[in-house]
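Some notes on the structure that comes next.
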Amino acid sequence: MQKRIKPTLLVHGGCGAIRKADLSPRKEKQFHTGLSRALKRGYEVIMSNGTSVEAVREAIICLEDMSLFNAGYGSVLTEKGTIECDAAIMDGSSLQAGAAAGLSRIQNPICLAEKILMESEHVLLIGPQAEQFARTSGMKLIPQNALITPRQFQRWKKLKTKPHSERDEYEKHGTVGAVALDQFGNLAAGTSTGGIMHKKPGRVGDSPIIGAGTYADNETCALSVTGVGEYFIRMSLAYDVCAQMKYKHYTLKRASTAAIKRLTKWGGTGGIISLDRQGHAAMIFNTEGMYRGMIQGKEAHTYIY
Numbered sequence: 074m075q076k077r078i079k080p081t082l083l084v085h086g087g088c089g090a091i092r093k094a095d096l097s098p099r100k101e102k103q104f105h106t107g108l109s110r111a112l113k114r115g116y117e118v119i120m121s122n123g124t125s126v127e128a129v130r131e132a133i134i135c136l137e138d139m140s141l142f143n144a145g146y147g148s149v150l151t152e153k154g155t156i157e158c159d160a161a162i163m164d165g166s167s168l169q170a171g172a173a174a175g176l177s178r179i180q181n182p183i184c185l186a187e188k189i190l191m192e193s194e195h196v197l198l199i200g201p202q203a204e205q206f207a208r209t210s211g212m213k214l215i216p217q218n219a220l221i222t223p224r225q226f227q228r229w230k231k232l233k234t235k236p237h238s239e240r241d242e243y244e245k246h247g248t249v250g251a252v253a254l255d256q257f258g259n260l261a262a263g264t265s266t267g268g269i270m271h272k273k274p275g276r277v278g279d280s281p282i283i284g285a286g287t288y289a290d291n292e293t294c295a296l297s298v299t300g301v302g303e304y305f306i307r308m309s310l311a312y313d314v315c316a317q318m319k320y321k322h323y324t325l326k327r328a329s330t331a332a333i334k335r336l337t338k339w340g341g342t343g344g345i346i347s348l349d350r351q352g353h354a355a356m357i358f359n360t361e362g363m364y365r366g367m368i369q370g371k372e373a374h375t376y377i378y
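If you want the working numbering, it's the 1-based position in the sequence shown plus 73.
Here's what the structure looks like:
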């Protein structure tokens with residue numbers, strides 16, 4: 074007898090030095106509300122017979138639009154004071170994926186990633202050529218500075234005056250992501266980010282790299298990762314979790330925990346949200362906090378610390 078599918082959605086809003094002492098009750102509430110809104114928006118898609126890819130897209134659009142997180146509107150700035158966003162989305166039923174990097178004129182980078190998944194023979198497009206693909210696919214391009222918020226501009230100005238040794242506090246690992254299991258038993262994952270504050274123009278992190286920051290395979294699990302992207306690229310961390318499940322027969326939680334332990338061993342920091350076809354979920358991190366949440370039924374649950 075086939076087990077009943079448990080439609081599930083997880084989201085994250087990045088991890089890092091997130092301390093309760095540093096967040097006012099008002100700010101804390103904003104984060105919980107934002108995560109909950111994204112969960113409900115994505116889950117609504119699933120419960121209306123939408124696909125896991127559609128649910129991931131909608132949840133991430135919600136996070137990209139709210140300026141609380143380092144993705145889309147509200148992304149951090151490069152050392153030149155510009156925006157360069159990256160995003161990826163992957164369908165676990167087909168292993169089809171779409172990704173884009175170095176975007177400054179796309180309102181919702183996750184939408185371009187999905188366009189690439191659906192309409193291109195390629196997986197990853199970058200920079201002006203990715204934006205040209207968006208234009209020819211019917212997406213509207215926005216002005217270069219439209220995604221820059223006053224808050225991030227002020228942070229950028231303040232950071233310029235600080236020596237590199239004092240910048241850690243400004244470089245929290247801001248990324249947003251979602252993983253979903255739909256009513257058809259299919260998994261999907263997506264990730265979107267503005268990258269690291271004051272990064273070199275042209276720097277691409279793990280988020281749009283399939284197998285590093287984003288991965289989905291119905292045979293194992295779906296993951297979205299947040300943290301110091303260079304570590305995840307070198308470790309192929311997202312795929313590593315799937316590989317441990319596939320070849321070592323680890324459970325989702327054990328594989329996710331093992332990956333974070335390995336990350337810690339090599340000096341990296343970050344977090345994982347992961348989900349398998351049985352609706353088992355894991356949200357593992359080695360930082361002080363990770364904005365995260367889950368919905369599997371009527372109620373959304375969100376966490377920070």
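Just so it is clear, CB atoms sit at the ideal spot from N, CA and C, and this is done for glycine as well.
Original post:
In whole angstroms, what is the alpha-carbon distance linking alanine 373 and methionine 120?
Top reply: Along the sequence shown, read from residue 1 onward, the residue named residue 373 stands at position 300. Along the sequence shown, read from residue 1 onward, the residue named residue 120 stands at position 47. About 14 Å.
Original post:
How would you call lysine 76, buried or exposed, if buried means at least 16 neighbouring beta carbons within 10 angstroms?
Top reply: Translated into positions along the sequence shown, residue 76 becomes position 3. Its Cβ having fewer than 16 others within 10 Å, lysine 76 is exposed.
Subject >> Distance, alanine 262 Cα to serine 309 Cα >> reply: Translated into the one-based positions of the sequence shown, residue 309 becomes position 236. Translated into the one-based positions of the sequence shown, residue 262 becomes position 189. Roughly 15 Å between the two C-alpha positions.
**OP:** Measure from the alpha carbon of alanine 289 to the alpha carbon of each residue in Phe257, Ile306, Val252 and Leu141, then state which is nearest.
**Re:** Stepping through the sequence shown from its first residue, residue 289 is reached at position 216. The candidate whose alpha carbon is nearest that of alanine 289 is Val252.
Original post:
Going by beta carbon distance, what residues of the same chain come within less than 6 Å of phenylalanine 358, once the five residues before and after it are set aside?
Top reply: In the sequence shown, residue 358 corresponds to position 285, counting from 1. Cys88 and Gly344.
Subject >> Nonlocal neighbours in the same chain, by C-beta distance under 6 Å from leucine 185, ignoring five residues either side >> reply: Numbered from its first residue, the sequence shown carries residue 185 at position 112. Contacts found: Ala173, Ile179 and Ala207.
**OP:** Can you grab the Cα-Cα spacing for the pair lysine 113 / glycine 165, in whole Å?
**Re:** On the sequence shown, position 40 is the one that residue 113 refers to. On the sequence shown, position 92 is the one that residue 165 refers to. When rounded, the distance between both Cα atoms is 22 Å.
**OP:** Label arginine 130 either buried or exposed according to how many other C-beta atoms from any shown protein chain fall within 10 Å of its C-beta, with 16 as the threshold for buried.
**Re:** For this step, residue 130 is matched to residue 57 along the sequence shown. By the neighbour-count criterion, in which 16 or more other beta carbons inside 10 Å mark a residue as buried, arginine 130 falls on the buried side.
Original post:
Smallest Cα separation from tyrosine 297: which of Leu348, Gly258 and Tyr304?
Top reply: The residue given as residue 297 occupies position 224 in the sequence shown. According to the sequence displayed, residue 297 carries serine and not tyrosine. Nearest option by C-alpha distance: Leu348.
**OP:** Evaluate histidine 85 with the Cβ neighbour count: other Cβ atoms within 10 Å of its Cβ, from every protein chain shown; 16 or more gives buried, anything less gives exposed.
**Re:** As a working mapping, residue 85 is identified with position 12 in the sequence shown. Residue burial is scored here from C-beta neighbours: histidine 85 has at least 16 other C-beta atoms within 10 angstroms and is therefore classed as buried.
Subject >> Option in Ala170, Gln256 and Ile78 with minimal Cα separation from asparagine 122 >> reply: Mapped onto the sequence shown, residue 122 falls at position 49. The shortest Cα separation from asparagine 122 among Ala170, Gln256 and Ile78 belongs to Gln256.
**OP:** State the start and end residues of the unbroken beta strand (DSSP E) segment that holds alanine 174.
**Re:** The sequence position of residue 174 within the sequence shown is 101, counting from 1. Taken as a continuous stretch (DSSP letters only), the beta strand (DSSP E) holding alanine 174 covers 170-176.
Original post:
Curious, which full-length alpha helix (DSSP H) runs of at least 4 residues does the region 253-313 contain?
Top reply: Listed in chain order, the complete alpha helix (DSSP H) runs (minimum 4 residues) inside the region 253-313 are 302-308.
Original post:
Roughly how many whole angstroms lie between the Cα atoms of tyrosine 378 and glycine 362?
Top reply: Taking the first residue of the sequence shown as 1, we reach residue 378 at position 305. Taking the first residue of the sequence shown as 1, we reach residue 362 at position 289. As the crow flies, the alpha-carbon of tyrosine 378 is around 4 Å from that of glycine 362.
Original post:
From leucine 214 to isoleucine 221, what distance separates their C-alpha atoms?
Top reply: Position 141 of the sequence shown, counted from the first residue, corresponds to residue 214. Position 148 of the sequence shown, counted from the first residue, corresponds to residue 221. If you take the alpha carbons of leucine 214 and isoleucine 221, they lie about 15 Å apart.
Original post:
In this structure, does DSSP put leucine 141 in helix, strand or coil?
Top reply: Here residue 141 refers to the residue found at position 68 when the sequence shown is read from its first residue. Leucine 141 falls in the coil class under three-state DSSP.
Subject >> Whole-angstrom distance between asparagine 218 and arginine 92, CA atom to CA atom >> reply: Here the question's residue 92 lines up with position 19 in the sequence shown. Here the question's residue 218 lines up with position 145 in the sequence shown. Answer to the nearest angstrom: the Cα atoms are 31 Å apart.
**OP:** Would you decide whether tryptophan 339 is buried or exposed? Buried here means 16 or more other CB atoms lie within 10 Å of its CB.
**Re:** Residue mapping note: residue 339 aligns to position 266 of the sequence shown, counting from 1. When all chains shown are included, tryptophan 339 counts as exposed.
Original post:
Does the beta-carbon distance from serine 280 to glutamine 225 come in below 8 Å?
Top reply: As a first step, residue 280 must be located in the sequence shown, where it is residue number 207. As a first step, residue 225 must be located in the sequence shown, where it is residue number 152. No, Cβ-Cβ distance for serine 280 and glutamine 225 is not below 8 Å.
**OP:** Grab the span of the beta strand (DSSP E) containing tyrosine 376 for me, first residue to last.
**Re:** As a first step, residue 376 must be located in the sequence shown, where it is residue number 303. Segment 373-376, the beta strand (DSSP E) holding tyrosine 376.
Original post:
Roughly how many whole angstroms lie between the Cα atoms of glycine 278 and alanine 285?
Top reply: As a working note, residue 278 is residue 205 in the sequence shown. As a working note, residue 285 is residue 212 in the sequence shown. When rounded, the distance between both Cα atoms is 9 Å.
**OP:** Look at asparagine 181 and glycine 247 and say whether their C-beta atoms are less than 8 Å apart.
**Re:** Position 108 of the sequence shown holds residue 181. Position 174 of the sequence shown holds residue 247. In terms of Cβ geometry, asparagine 181 and glycine 247 do not form a close pair [threshold 8 Å].
**OP:** Using the Cα positions of proline 98 and phenylalanine 104, report the straight-line distance between them to the nearest angstrom.
**Re:** The count along the sequence shown starts at 1 and reaches residue 98 at position 25. The count along the sequence shown starts at 1 and reaches residue 104 at position 31. Straight-line Cα distance between these residues: approximately 10 Å.
Original post:
What is the C-beta distance between alanine 161 and threonine 264, in whole angstroms, given that I count them as a contact (C-beta under 8 Å)?
Top reply: What you label residue 161 is simply residue 88 of the sequence shown in a count that begins at 1. What you label residue 264 is simply residue 191 of the sequence shown in a count that begins at 1. Indeed, because the Cβ distance is near 6 Å, the residues count as touching under 8 Å.
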